[in-house]
Amino acid sequence: VCFDMLNDKWRFYEFCQKHGVRVPQTWLFNNIEQLNAAVLEGSVPFPFIVKPHDSMGGYGVQKIMNKNDLKLLNKVQYLPVLVQKLIIGSELDISTLSDKGKIGAYSIQRNLPRKYVFIKHDQLLTETNRIVKASGFHGIANFDAIEEAGTGNIYLIECNPRVWYSIFATALAGLNFVELSLKIDSLNLDDSQRIIGKKVRVGRKLKLIMRLITKFKINETDL
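In this text, residue positions in the sequence shown follow the working numbering: the first is 37, and each later residue adds one.
In structure tokens form, the structure reads like this:
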């Protein structure tokens with residue numbers, strides 16, 4: 037039940053709202069016609085992002101900056117349609133290993149051109165702790181977030197309660213979530229393991245190959 041809630045972007049949004057975690061304003065529409073009507077009447081303002089409520093890897097995501105971009109909605113081939121207010125800022129994410137609602141290991145990273153940088157960010161950790169504790173989550177998860185330009189406010193975007201693309205980079209930096217999850221009972225829940233101030237550099241040679249074999253939008257850092 038917990039996995040299904042965190043894995044569904046709409047249910048994740050509702051859960052965050054209930055527990056006071058900052059998330060972008062979000063809407064769920066049965067079809068594109070309903071979304072277009074909401075845009076026309078002004079209840080969904082520009083800019084916004086359209087995405088499936090239960091997919092991953094950037095599949096089906098469309099960024100609508102103004103009315104000229106509304107034609108991109110013709111590419112949407114899924115139902116229902118999840119819509120999020122676009123927060124302007126810098127992306128970051130936090131990976132966690134939790135034992136029955138308590139974080140025992142974590143890393144916070146920025147995905148920069150050709151490298152991952154692991155940082156300290158108390159606000160993101162606090163918001164994530166609130167979700168993990170309230171849900172009683174047990175296992176590994178990765179949370180996407182945006183740090184809003186100007187205000188510095190953190191917005192949680194979505195959760196991937198499973199392995200993720202960059203899990204290898206965290207292991208290279210010194211925190212192996214797969215290994216730790218096999219001995220989760222040994223975690224010190226009062227002093228979480230973490231990595232801060234490290235970088236993992238990646239290459240670009242696989243980029244052309246991956247473009248040929250995947251339908252997802254994967255950048256150099258993900259590769």
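Cβ atoms here follow ideal geometry from the backbone N, Cα and C, with glycine treated the same way.
> In chain order, what residues of the same chain have a beta carbon less than 8 Å from the beta carbon of residue 52, not counting five sequence neighbours either side?
Replying inline: Correct list, in chain order: 58, 59, 167 and 192.
> What residue range is occupied by the uninterrupted alpha helix (DSSP H) comprising residue 40?
Replying inline: Here the alpha helix (DSSP H) through residue 40 covers 38–43.
>> Short of 6 Å in beta carbon distance, which residues of its chain neighbour residue 132, apart from the five on each side in sequence? Order them along the chain.
In response: Excluding five sequence positions before and after residue 132, the CB atoms of its chain that fall closer than 6 Å to its own CB belong to 139, 142 and 177, given in chain order.
> So which of 217, 137, 194 and 77 has the shortest CA-CA distance to residue 89?
Replying inline: Nearest of 217, 137, 194 and 77 to residue 89, Cα basis: 194.
> Where residue 239 and residue 209 are concerned, what is the direct C-alpha to C-alpha distance, given to the nearest angstrom?
Replying inline: Taking the straight line joining both Cα atoms gives about 16 Å.
>> Just verifying my parser: in three-state terms, what is the DSSP assignment at residue 150?
In response: Correct three-state label for residue 150: coil.
> Tell me, which residues are paired with residue 230 by DSSP?
Replying inline: Looking at the DSSP output, residue 230 shares a beta bridge with 142.
> Considering residue 221, what are the terminal residues of the beta strand (DSSP E) in which it resides?
Replying inline: Element bounds for residue 221: n/a, residue is neither H nor E.
> Alpha carbon to alpha carbon, how far is residue 39 from residue 48?
Replying inline: Spanning the alpha carbons of residue 39 and residue 48 requires a straight line of approximately 10 Å.
> If we ignore side chains and look at the alpha-carbon of each, how far apart do residue 228 and residue 106 end up?
Replying inline: If you take the alpha carbons of residue 228 and residue 106, they lie about 45 Å apart.
> Taking the alpha helix (DSSP H) that residue 185 falls in, what are its first and last residues?
Replying inline: Per DSSP, residue 185 belongs to no alpha helix (DSSP H) and is neither H nor E.
>> One question on the structure: do residue 87 and residue 122 come within less than 8 Å of each other, judged by their Cβ atoms?
In response: In this structure, residue 87 keeps its C-beta atom at 8 Å or more from the C-beta atom of residue 122.
>> Three or more C-beta pairs under 8 Å: does that hold for the segment 110–127 against the segment 198–209?
In response: Segments in contact, no.
>> With a threshold of 6 Å on Cβ separation, who are the neighbours of residue 84 within its own chain once the five nearest residues in sequence on each side are excluded?
In response: If we look at residue 84 and ignore the five residues flanking it on each side, its Cβ neighbours are 100, 119, 121 and 122.
> Counting along the chain, where does the alpha helix (DSSP H) carrying residue 57 start and finish?
Replying inline: Secondary structure note for residue 57: it is in no alpha helix (DSSP H), with a DSSP letter that is neither H nor E.
>> My assumption, with CB atoms under 8 Å, is that residue 76 sits in contact with residue 135. Please give the rounded CB distance.
In response: Going by Cβ atoms, the distance from residue 76 to residue 135 rounds to 48 Å, so no, they are not a contact pair.
> Assuming residue 152 contacts residue 235 under a Cβ cut-off of 8 Å, what Cβ separation, rounded to an integer in Å, is found between them?
Replying inline: Sure, about 7 Å apart at Cβ, within 8 Å.
> Run through DSSP, which three-state label would residue 200 get?
Replying inline: Residue 200: coil per DSSP, three-state reduction.
> So, residue 150 versus residue 230, is the Cβ gap smaller than 8 Å?
Replying inline: With a cutoff of 8 Å on beta-carbon distance, residue 150 and residue 230 are scored as not near each other.
>> Check this for me: beta carbons of residue 71 and residue 108, under 8 Å apart or not?
In response: With contacts defined by Cβ atoms closer than 8 Å, residue 71 and residue 108 do not form a contacting pair.
>> Which runs of the beta strand (DSSP E) at least 3 residues long sit entirely within the segment 57–102? Give them in chain order.
In response: Those beta strand (DSSP E) runs which fall completely within the segment 57–102 and span 3+ residues are 62–65, 84–87 and 98–100.
> Can you tell which of 219, 188 and 46 has its C-alpha closest to the C-alpha of residue 127?
Replying inline: Looking from the CA of residue 127, the closest CA among 219, 188 and 46 belongs to 188.
> If we call anything under 8 Å between Cβ atoms a contact, is residue 154 one with residue 220?
Replying inline: Contact: no.
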